[in-house]
Each structure stands twice: as structure tokens, then as C-alpha cells.
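Just so you know, we're using this note's numbering here: the sequence shown kicks off at 460 and counts up by one. Here a beta-carbon is modelled for each residue, glycine too, at the ideal position from N, C-alpha and C.
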Amino acid sequence: MLAHYPPQGLPPAYGSCDNFGNCRTLFGITWGSLVSVFACVWISVHPNVPAPTSIRLGRPSTWWRRAKWELFDSHWTSTAARLRLMLVALLAPELIFGFAARQFIIAGYFAKYNISRTHGFFICMGGFVDEDGHPLLTTAQLRKHRDGLACIPEAEILDKSKVDTLSKTFASLQGLWFIVQCGAQTVQGLPLTALEISTLVFVVVNVPTYVLWWQKPLQVQTPIILMARASESTFVHTSSFESESTRCRTKKNRRPLWTQFRALLGACYDGSQYNPRAEYPVPTFWHMSYEDYLTSDTGTRTDRAILAQLAISVLFGAIHCTGWLSGAFFAPFPTTTEFSLWRISSLVLVGIPATLMIFCSLTYMYNQRNDLVSADVVNFVGGAWLFLSPVLSQNPDLSYGPL
């Protein structure tokens with residue numbers, strides 16, 4: 460991927476290096492790219508809050524089971540959830556951006572309860588639960604806990620987050636610094652490798668995702684329990700759960716892959732797929748219930764997130780189009796065939812999402828006027844492309860492909 464021929468017309472120093480202190484090395488290029496990808500992807504993904512500890516442990520819990528949980532299981536559960544999101548972010552960063560955009564909209568929608576956007580994010584990720592440990596996700600559930608919800612200060616929620624503003628700022632600056640470096644190299648006439656172009660794509664796509672999730676808590680391990688019919692909430696540590704529903708260990712509810720894929724594309728969970736009043740773990744790609752989608756205007760606003768996804772996809776392809784400048788500012792391809800394949804894939808990456816943007820915009824306007832077209836059609840068509848775009852962006856020659 461990093462191999463390239465020196466561009467014609469450049470000084471001989473670009474073809475050979477006698478002073479390694481002033482040269483770009485293979486290690487330097489690889490290390491800078493990998494650090495930037497890790498900083499943008501790993502810090503940007505925000506998994507949901509797991510079920511209360513007592514529910515995952517079961518009742519009664521023995522000392523060795525609790526010790527095993529504290530030493531290993533609790534850390535692996537949160538890490539595994541984060542790794543799954545990271546894998547999706549690496550394969551289809553546009554879909555994670557759309558997911559973040561939908562949660563951002565829903566978090567703002569919950570502001571009608573006189574709470575902050577951080578509270579709204581905490582609701583979307585299953586941070587508030589009732590006395591039985593069921594997540595409070597729907598409007599109907601939250602009405603019963605409105606007073607208690609408003610009594611939880613934002614600082615209490617942020618205190619549960621495992622990342623501070625300094626870490627978020629560092630990750631953002633790392634991505635921005637990589638963009639500045641690429642720009643500086645282009646101005647100086649230094650070639651960019653395919654790995655650097657691919658890294659630039661991830662940085663540009665993940666920085667907006669990170670901004671959307673800036674106020675969302677990260678790596679929260681225990682939810683906040685809200686007591687119904689109380690003037691103020693009761694903040695109870697989950698280890699003190701003694702309700703009847705927690706006396707037996709609940710089996711992990713593995714939902715069909717197709718259901719999770721539809722949710723990633725923007726579809727809502729209906730009552731048959733996930734019922735927050737009877738189940739515990741919040742689905743990975745949850746943003747709102749189908750019930751709220753039908754009874755509020757928020758569903759209409761979340762449909763617009765697909766347009767934002769497609770816009771990011773166009774940007775995704777546009778950055779790959781920089782390969783057209785091969786030989787001027789970017790490392791030239793070894794053969795004409797590989798250069799032509801890059802051009803074709805770049806045109807596909809830009810052309811298809813741009814066409815879908817027009818289609819989805821017309822469909823959205825028709826839906827608004829006639830209320831006949833299901834939003835699932837728009838989400839599926841646009842989302843299917845976004846999921847396949849990383850595959851189409853791959854060059855058949857893995858040594859020189861953009862991804």
C-alpha cells in the first residue's frame with residue numbers, strides 16, 4: 460500500500476534519502492496513520508449502558524461469581540460492545556455518522572422535559588432505568604418519571620463517563636493535525652500514500668460523528684434508577700437491586716442480524732423486536748421506539764439523517780477522487796490499469812450517493828405532502844448503499860487500493 464514511484468520532476472532527494480532525520484519513513488507514515496485512525500474511531504464510538512449488574516449476575520450471586528465479574532467480565536462486556544461499534548465504524552463510518560445524527564436529534568427532542576442534551580443522550584443509551592431495571596426509553600415511560608428525571612443534575616451523569624473533555628479534545632486535535640499535515644505535504648509537493656488517503660477519509664468522516672456525540676457519556680457501566688411516583692429521583696447503586704425480576708438471571712437476547720442491520724440503517728424497533736418494559740439490554744443501534752416514531756414529529760426529523768449520511772458518503776468518495784491527481788501531489792500508481800480502477804471506483808463512490816440524495820429528497824418531499832411513502836424505504840435504499848460503499852471503494856490490487 461505504501462510503495463510508490465517518485466514523481467517525475469521532483470528533486471532527487473525524493474527518490475533517495477541520505478538524512479533520515481528529514482525524510483518520511485515507512486514507520487513514520489504507518490504510525491501516524493494508525494494513531495489517527497485509532498484516535499478517531501476508538502474515541503468516537505459510544506456504546507450503550509449495559510443492564511444493571513445484579514441482573515447480569517443473577518440472584519443469589521456467590522462471592523466467586525462476583526469476583527470474576529469485577530475482575531474480568533464487567534470490563535470485557537463493555538470493551539466487547541465498544542469493539543463491535545468500532546468494527547462497524549471501520550467498515551462503514553457513514554452509517555455510524557447517521558446513527559449519531561439520529562441520536563443527536565432524539566436527545567434534543569427530550570429537552571421538552573426541561574433536561575439537557577446530555578440527559579437526552581443518557582436516555583437513548585439506556586442510562587435511566589425503573590425499579591425493575593428496565594430502561595426508560597419511550598415517552599410513555601418517561602412521563603411517569605418526569606419529576607425524578609429533572610432532579611438528576613447533568614454533572615451526576617458526566618461523572619459516570621469514563622472520558623473527560625481533555626481526552627475528547629486530544630482525539631479531535633489528533634485528527635485535525637493529521638488533516639493539516641496532509642495539506643502541508645500537498646503544498647510542499649510531497650506525495651501522499653494510499654494509506655494516508657484512507658486515513659484522511661476516516662478522519663474527515665469521524666470528526667463530525669465525534670462532534671455529534673460530544674455531550675454523550677462514554678463507557679458508563681451502571682445506570683441511574685428512577686423511582687416512579689416520587690417528587691425526586693432516587694439514585695441507587697445497582698448492587699442494591701432486590702426486586703423480584705432480578706432474582707433470576709436473564710438470558711442474553713440475541714436479535715436477528717437483519718433486525719440489527721435495519722436499525723443501523725435507521726429503522727425503529729417495534730414492540731415485537733424489543734420491548735423496553737420487559738427487556739433489559741438496550742439494542743446497540745437504538746435511537747427511538749416505533750411507537751414514538753408514529754406519534755411525534757421527531758420521526759420526520761430523524762428521516763433527514765439519511766440525507767446527512769448520503770452527504771457524508773459523497774464526501775467519502777470525493778476524497779478518494781484525489782487519486783485523479785496522481786503524479787502531481789499523490790503517489791502515482793505503478794500501472795495504468797490500477798490508476799483507471801481507482802478513477803472508476805471514485806466516480807462510483809461519488810455518483811451513486813449523489814443520485815440517491817436526489818431520490819431520497821424527492822421521496823421525502825412526497826412523503827411530507829402525501830404521507831404515503833414509508834420512511835423505511837428511504838432508509839433501506841440509502842443505507843444499503845452506505846453499507847456497500849466501503850466494498851466498492853476497495854481497489855482489486857490490495858497493495859495500492861484506497862482501503
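Presumed contact (8 Å Cβ cut-off) between residue i and residue j, rounded CB distance
i, j, result
"Leu569", "Gly579", "The amino acid occupying residue 569 in the given sequence is Phe; Leu does not appear at that position. Sure, about 4 Å apart at Cβ, within 8 Å."
"Val496", "Met545", "Incorrect: roughly 10 Å between the Cβ atoms, too far for contact."
"Asp589", "Leu596", "At roughly 11 Å, the Cβ-Cβ gap does not stay under 8 Å, so Asp589 and Leu596 are not in contact."
"Arg802", "His593", "Not a contact, Cβ separation roughly 53 Å."
"Asp751", "Thr536", "That belief does not hold up - the Cβ atoms of Asp751 and Thr536 are roughly 28 Å apart, past 8 Å."
Residues near residue i in its chain [Cβ-Cβ closer than 7 Å; skip 5 each side]
i, result
"Leu766", "Met816, Cys819, Ser820"
"Ala560", "Leu671, Ala764, Ala767"
"Gly567", "Arg576, Gly579"
"Phe563", "Leu671"
"Ala813", "Val773"
"Ser492", "Leu654, Glu655, Thr658"
"Phe661", "Val496, Cys499, Val500, Pro552"
"Ile683", "Gly586, Phe587, Ile611, Phe694"
Between the CA atoms of residue j and residue i - distance to the nearest angstrom
i, j, result
"Phe587", "Pro612", "13 Å"
"Thr743", "Leu724", "12 Å"
"Asp729", "Phe637", "42 Å"
"Ile582", "Leu554", "21 Å"
"Thr781", "Ser631", "23 Å"
"Thr872", "Asp591", "This structure leaves residue 872 out entirely; the chain is present only between 460 and 862."
"Val663", "Gly642", "13 Å"
"Ala609", "Leu685", "11 Å"
"Tyr749", "Lys603", "19 Å"
"Pro509", "Cys727", "20 Å"
"Asn734", "Val494", "40 Å"
"His779", "Asn507", "32 Å"
"Tyr445", "Gln633", "No answer is possible for residue 445: it lies beyond the span of the chain, which begins at 460 and ends at 862."
"Thr822", "Ala614", "42 Å"
"Ser805", "Arg721", "27 Å"
"Trp673", "Phe486", "32 Å"
"Ile488", "Leu550", "22 Å"
"Thr652", "Val666", "21 Å"
"Gly793", "Val547", "In the sequence as presented, Gly is not what sits at residue 793; that position holds Pro. Roughly 31 Å separates the two Cα atoms."
"Trp490", "Phe798", "26 Å"
"Pro650", "Gln600", "57 Å"
"Ser719", "Asp618", "Per the sequence presented here, residue 719 reads as Gln, with Ser not at that position. Each residue's alpha carbon lies about 30 Å from the other."
"Thr668", "Ile574", "23 Å"
Reduced DSSP category for residue i - H, G, I as helix; E, B as strand; rest coil
i, result
"Tyr739", "coil"
"Leu753", "helix"
"Leu864", "The structure shown does not extend to residue 864, since the chain is modelled only from 460 through 862, so no value can be given for it."
"Val588", "strand"
"Ser748", "strand"
"Tyr456", "Not covered by the structure: residue 456. The range shown for the chain is 460 to 862."
"Leu766", "helix"
"Ile683", "strand"
"Leu800", "helix"
"Leu651", "strand"
"Cys499", "helix"
"Lys621", "coil"
"Trp673", "coil"
"Ile817", "helix"
"Ala551", "coil"
"Asn854", "Note that Asn854 has pLDDT 43, beneath the 50 cutoff, so the model's placement of it is unreliable and no number is given."
"Gln678", "coil"
"Tyr568", "helix"
"Thr577", "helix"
"His779", "helix"
"Asn665", "helix"
"Val660", "helix"
"Lys603", "coil"
"Cys583", "helix"
"Ser631", "helix"
"Ile611", "coil"
"Arg866", "Residue 866 lies beyond the stretch modelled for the chain, which goes from 460 to 862, so this question has no answer here."
"Arg483", "coil"
"Val807", "helix"
"Pro506", "coil"
"Tyr733", "coil"
Contacts around residue i, its chain only, beta-carbon distance under 6 Å, and the 5 residues preceding and following it disregarded
i, result
"Gly810", "none"
"Leu753", "none"
"Val639", "none"
"Ala770", "none"
"Thr761", "Arg561, Ile564"
"Lys675", "His505, Phe580"
"Met584", "Asn507, Val508"
Same chain, Cβ closer than 8 Å to residue i, neighbours up to 5 away in sequence not counted
i, result
"Thr795", "none"
"Val622", "Ile502, Leu677, Gln678"
"Arg605", "Tyr572"
For this session: Could you tell me whether the segment 714-721 touches the segment 643-661, using the rule of 3 or more Cβ pairs below 8 Å?
Result: no
Problem set entry | Three-pair Cβ contact test at 8 Å for the segment 731-740 versus the segment 540-549 | no
Exercise. Do the segment 613-631 and the segment 768-778 touch if we need at least three Cβ pairs shorter than 8 Å?
Worked result: no
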